[in-house]
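Taking it in order: structure first as structure tokens, then the write-up.
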Amino acid sequence: MTIAHREWDSPYLFFMNARPATGHHAMDNLAIEVHAFGRQLLVRAGPPFYTPKFLPADRRGDAQAIEEYFGERSSFKVNTVVVDGKSQCRSGRPSDKAYTSPIPERWHSSDEFDFVEGCYTLGYGDVKQGAIANGDRSVSHRRRVIFVRRDSLWIVADTMLATDHTEHEYTRVWKFPPRLVGPASGHTPVHGFSESEIILDSNGVHTADPNGPNLWIFNAGQKPVLQRKLFGDRNPYRGWYARHLGDLTPAVDVHSTWTDAGQSTQLTLLWPRPDARPPPVIERSQAVDQTAESPARLTLKLADGRWISITDTGGEIRPLAAGPVHFVAETLLAVGDKHEARGIVIGAMQDVARQDSSASGSLRHDMEFTYARGRIVKKTPILPAKHFRWSDTVSGLRTVVADEGQDRCGRSLPQLPESPDVK
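Spelled out as structure tokens, the structure:
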């Protein structure tokens, strides 16, 4: 699990990426939760009821339907992506021993950005209690999360890859906590949102509590998404929250659904705000040609003159641009103004601005960069997390990763030496 935050009292994002194991678990690979300014903003639904005696008497007849939503085999209760209406199933025999090394995925943290990713390849489908899962593995899900520290926002890139090249339905789940206060809450109030405070619009989703804090979600992708708000539904059970075993509190689930064949990428920008004011965005643009051939792209112009741009091809190497920054790469994020830009690039084969031969050829490089005076002046490698160590720095305790490796989708990740500032 990865936690991305700015300071101890400011926004947090929790990212789950797990391997099959015994004991209690959830089908929550690549699921996230968001907490900001003292408030839960995106949550998981809560615990299973485990036995019908914990359910309200008038709901025990719905035990099987409630289990399908709240149970340990459900991905509908967490903020991840489900495929063709099926949850993850983690196919294969689980390990009965503790893992001794982290999952070999890229991980990075600096004063400007955090980066974490995961790839789920173990299938989707229904699994009987106690059985070894054997789901449909034709679809894999890669999720990358980038934290832009200065603005306390996250960018989430979801790439679905269907190796059977048939059309699949993908549903990205966003789960909001309910508002339950006063006598009705007993001793367990929840300071979330009412159903009317979750707003769906052409930009995406946002909460609208006049007293704040709030969350704004911007969507962009290779295919249009259909957004639905679910609240206390019973056929099937969707849009619920459990404060404890057997609790059933209506809460908003937002399902963003799209269909595609082959490879498909969707971008989401999550921007928590401390009050009712929206993010300082004066202009928003995204890719006009929403096809599998065009990258997913989102650009925001901010009131202070800065801009944020993210482009993701889903894994293909293409010429990408963000303001004055150009790379031949698969993913490019840049945040800049008229003087400089800082960002992250994944799968870079060439720095177009400098025609940098050290980043060309057959090797792909992943790095954080600084762009100034018409060129890249600093590069810091982003590496797979083969092991961690802790370092006490002037910015606080930092986690440092080292060693080269291979990601879970099988791509070799060569180490890129850090370059000094170019004077």
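This note's numbering numbers the first residue of the sequence shown as 126 and each following residue consecutively.
Cβ atoms here follow ideal geometry from the backbone N, Cα and C, with glycine treated the same way.
These numbers come from a predicted model, not from an experiment.
If distances are taken between C-alpha atoms only, which option among the options comes closest to residue i?
{"i": "alanine 143", "options": "Ser389, Ala401 and Leu247", "result": "Leu247"}
{"i": "threonine 225", "options": "Thr518, Phe318 and Ala510", "result": "Ala510"}
{"i": "valine 207", "options": "Pro181, Arg267, Arg231 and Gly171", "result": "Arg267"}
{"i": "proline 399", "options": "Glu242, Glu441, Gly337 and Ile157", "result": "Gly337"}
{"i": "glutamate 292", "options": "Gln388, Leu392 and His160", "result": "Gln388"}
{"i": "threonine 176", "options": "Trp299, Ser135 and His369", "result": "His369"}
{"i": "lysine 300", "options": "Arg231, Ala386, Ile157 and Pro145", "result": "Ile157"}
{"i": "histidine 490", "options": "Leu392, Asp517, Val460 and Gly440", "result": "Gly440"}
{"i": "valine 377", "options": "Val330, Pro303 and Pro405", "result": "Pro303"}
{"i": "threonine 296", "options": "Tyr249, Glu322 and Phe174", "result": "Tyr249"}
{"i": "tryptophan 279", "options": "Ser516, Ile323 and Asn344", "result": "Asn344"}
{"i": "tyrosine 366", "options": "Gly163, Leu305 and Val350", "result": "Leu305"}
{"i": "glycine 171", "options": "Pro375, Arg467 and Lys463", "result": "Pro375"}
{"i": "asparagine 259", "options": "Trp232, Arg215 and Ile407", "result": "Arg215"}
{"i": "phenylalanine 356", "options": "Pro335, Asn339, Val379 and Thr438", "result": "Val379"}
{"i": "isoleucine 501", "options": "Leu488, Thr518 and Ala473", "result": "Ala473"}
Roughly how many angstroms lie between the CA atoms of residue i and residue j, to the nearest whole one?
{"i": "tyrosine 137", "j": "glycine 499", "result": "34 Å"}
{"i": "leucine 286", "j": "serine 419", "result": "15 Å"}
{"i": "phenylalanine 139", "j": "leucine 325", "result": "24 Å"}
{"i": "alanine 333", "j": "isoleucine 342", "result": "12 Å"}
{"i": "serine 310", "j": "serine 212", "result": "31 Å"}
{"i": "leucine 394", "j": "phenylalanine 272", "result": "10 Å"}
{"i": "serine 234", "j": "arginine 184", "result": "46 Å"}
{"i": "serine 482", "j": "phenylalanine 195", "result": "No answer about serine 482 holds up, because its pLDDT of 40 lies below 50 and its placement is not dependable."}
{"i": "phenylalanine 318", "j": "leucine 373", "result": "16 Å"}
{"i": "glycine 448", "j": "threonine 495", "result": "13 Å"}
{"i": "leucine 445", "j": "alanine 421", "result": "11 Å"}
{"i": "leucine 457", "j": "threonine 288", "result": "25 Å"}
{"i": "proline 403", "j": "serine 220", "result": "46 Å"}
{"i": "histidine 316", "j": "valine 453", "result": "45 Å"}
{"i": "asparagine 328", "j": "alanine 223", "result": "43 Å"}
{"i": "arginine 218", "j": "lysine 426", "result": "49 Å"}
{"i": "glycine 307", "j": "proline 314", "result": "7 Å"}
{"i": "glutamate 322", "j": "serine 516", "result": "42 Å"}
{"i": "proline 349", "j": "glutamate 493", "result": "30 Å"}
{"i": "glutamate 192", "j": "lysine 202", "result": "11 Å"}
{"i": "arginine 164", "j": "alanine 401", "result": "13 Å"}
{"i": "glutamine 480", "j": "threonine 424", "result": "Unreliable positioning characterises glutamine 480 in this predicted model, as indicated by a pLDDT of 46, which lies under 50. The coordinate reading is nonetheless provided below. Going by the C-alpha atoms only, they are around 25 Å apart."}
{"i": "alanine 146", "j": "methionine 152", "result": "11 Å"}
{"i": "valine 264", "j": "tyrosine 245", "result": "9 Å"}
{"i": "arginine 431", "j": "arginine 467", "result": "11 Å"}
{"i": "serine 485", "j": "methionine 141", "result": "Confidence in serine 485 is poor, its pLDDT being 45 and thus under 50, which makes the residue's placement too unreliable to answer from."}
{"i": "isoleucine 228", "j": "alanine 188", "result": "36 Å"}
{"i": "phenylalanine 550", "j": "valine 270", "result": "Residue 550 is absent from the model: the chain starts at 126 and stops at 548."}
{"i": "phenylalanine 174", "j": "serine 381", "result": "27 Å"}
For the beta strand (DSSP E) that contains residue i, what are its first and last residues?
{"i": "tyrosine 295", "result": "293 to 300"}
{"i": "tyrosine 194", "result": "Where tyrosine 194 is concerned, there is no enclosing beta strand (DSSP E), although the alpha helix (DSSP H) it sits in stretches over 188 to 195."}
{"i": "serine 319", "result": "Premise fails: serine 319 is in no beta strand (DSSP E) and is neither H nor E."}
{"i": "isoleucine 469", "result": "465 to 473"}
{"i": "phenylalanine 139", "result": "137 to 140"}
{"i": "arginine 144", "result": "Per DSSP, arginine 144 belongs to no beta strand (DSSP E) and is neither H nor E."}
{"i": "phenylalanine 452", "result": "450 to 454"}
{"i": "phenylalanine 356", "result": "351 to 356"}
{"i": "threonine 288", "result": "From DSSP, threonine 288 is part of no beta strand (DSSP E); its letter is neither H nor E."}
{"i": "serine 381", "result": "377 to 385"}
Less than 8 Å between the CB atoms is what I'm expecting for residue i and residue j, so what's the real figure, rounded?
{"i": "threonine 390", "j": "glutamine 347", "result": "5 Å"}
{"i": "leucine 371", "j": "leucine 180", "result": "Going by the sequence as given, residue 371 is glycine instead of leucine. Right, the Cβ-Cβ distance comes to about 5 Å (below 8 Å), so this counts as a contact."}
{"i": "arginine 198", "j": "valine 252", "result": "6 Å"}
{"i": "serine 277", "j": "serine 135", "result": "6 Å"}
{"i": "arginine 274", "j": "phenylalanine 238", "result": "6 Å"}
{"i": "glutamate 465", "j": "alanine 428", "result": "19 Å between Cβ atoms; not a contact."}
{"i": "leucine 392", "j": "aspartate 437", "result": "6 Å"}
{"i": "leucine 166", "j": "proline 397", "result": "6 Å"}
Pull the bridge partners of residue i from the DSSP assignment, please.
{"i": "aspartate 239", "result": "Ser234 and Phe272"}
{"i": "glutamate 418", "result": "Looking at the DSSP assignment, glutamate 418 forms no beta bridge with any residue, so it has no partner."}
{"i": "proline 397", "result": "Leu340"}
{"i": "glutamine 165", "result": "His160"}
{"i": "arginine 498", "result": "Looking at the DSSP assignment, arginine 498 forms no beta bridge with any residue, so it has no partner."}
{"i": "glutamate 408", "result": "Lys426"}
{"i": "glutamine 213", "result": "Tyr249"}
{"i": "glycine 329", "result": "Phe343"}
{"i": "arginine 262", "result": "Answer by DSSP bridge pairing: none, since arginine 262 is not bridged."}
{"i": "proline 444", "result": "Val453"}
{"i": "valine 208", "result": "Lys211 and Tyr295"}
{"i": "alanine 282", "result": "Arg269 and Leu392"}
{"i": "valine 315", "result": "Leu305"}
{"i": "valine 203", "result": "Valine 203 is not bridged to any residue."}
At which residues does the alpha helix (DSSP H) containing residue i begin and terminate?
{"i": "isoleucine 433", "result": "Taken as a continuous stretch (DSSP letters only), isoleucine 433 belongs to no alpha helix (DSSP H), being part of the beta strand (DSSP E) at 432 to 437."}
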